[in-house]
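J.: One structure is given below, represented as structure tokens, and several questions about it will come after.
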Amino acid sequence: MSLKAIKKRQLILNTAIQYILENDLNSLTLDGIAQKASISKGGLLYHFKNKNELQLAVAEEIINEFLEAYETIVEHEKGAGKHIRAFILCLTA
1442 MSLKAIKKRQ LILNTAIQYI LENDLNSLTL DGIAQKASIS KGGLLYHFKN
1492 KNELQLAVAE EIINEFLEAY ETIVEHEKGA GKHIRAFILC LTA
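Next up, the structure:
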């Protein structure tokens, strides 16, 4: 995947995440996300074939961000319980 395609896919994901944070998940539409991201619906469909695929990618993005934050915190924590402290810090961030 080209850098341009990666950036567009990330733009779509970020737009969808922001939309879900501000609105009801049930109101999420591909047309609405495409419009908010200032791309064509065809451009969105290139990356995500349907709404379920977009929602799955959003969930994966959130999980990956959580794991990255967790791993970063674990690296800086010391002593017994550092993993649970990192987990709790991620949950409360």
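The sequence shown begins at 1442 in this note's numbering and counts up by one.
The beta carbon of each residue, even a glycine, is placed where N, CA and C say it ideally should be.
Could you check how far apart the C-beta atoms of Leu1485 and Ile1503 are, in whole angstroms? I think they sit under 8 Å.
T.: Here the question's residue 1485 lines up with position 44 in the sequence shown. Here the question's residue 1503 lines up with position 62 in the sequence shown. Incorrect: roughly 19 Å between the Cβ atoms, too far for contact.
J.: Using the rule of at least 16 other Cβ atoms within 10 Å of the residue's Cβ for burial, across every protein chain shown, is Ile1453 buried or exposed?
T.: Residue mapping note: residue 1453 aligns to position 12 of the sequence shown, counting from 1. Ile1453 counts as buried, since no fewer than 16 other beta carbons sit within 10 angstroms of its beta carbon.
J.: Hey, quick one: how far does the alpha helix (DSSP H) through Asp1472 stretch, first residue to last?
T.: Within the sequence shown, residue 1472 is the residue found at index 31, counting from 1. Taken as a continuous stretch (DSSP letters only), the alpha helix (DSSP H) holding Asp1472 covers Leu1471 to Lys1477.
J.: Between the C-alpha atoms of Lys1490 and Ala1498, what's the straight-line distance to the nearest angstrom?
T.: Walking along the sequence shown from the start, residue 1490 turns up at place 49. Walking along the sequence shown from the start, residue 1498 turns up at place 57. One C-alpha to the other measures close to 11 Å.
J.: Near Phe1528, what residues of its chain come up, given a Cβ to Cβ distance below 7 Å and the 5 sequence neighbours on each side ignored?
T.: In the sequence shown, residue 1528 corresponds to position 87, counting from 1. Result list for Phe1528: Tyr1511, in chain order.
J.: Relative to the alpha-carbon of Thr1513, which residue among Glu1501, Arg1526 and His1488 has its alpha-carbon at the smallest distance?
T.: In the sequence shown, the residue the question calls residue 1513 occupies position 72. The option with the nearest alpha carbon to Thr1513 is Arg1526.
J.: To the nearest whole angstrom, what separates the beta carbons of Ile1461 and Leu1471, a pair I think is in contact under 8 Å?
T.: For the purposes of this step, residue 1461 is taken as the residue at position 20 of the sequence shown. For the purposes of this step, residue 1471 is taken as the residue at position 30 of the sequence shown. Their Cβ separation, rounded to whole angstroms, is 13 Å, which puts Ile1461 and Leu1471 out of contact at 8 Å.
J.: Between which two residues does the alpha helix (DSSP H) harbouring Ile1480 extend?
T.: For the purposes of this step, residue 1480 is taken as residue 39 along the sequence shown, with counting starting at 1. Premise fails: Ile1480 is in no alpha helix (DSSP H) and is neither H nor E.
J.: How would you label Ala1457, buried or exposed, when you count the other beta carbons within 10 angstroms and need 16 or more for buried?
T.: On the sequence shown, residue 1457 is found 16 positions in, with the first residue counted as 1. The residue is buried, with at least 16 neighbouring Cβ atoms inside 10 Å.
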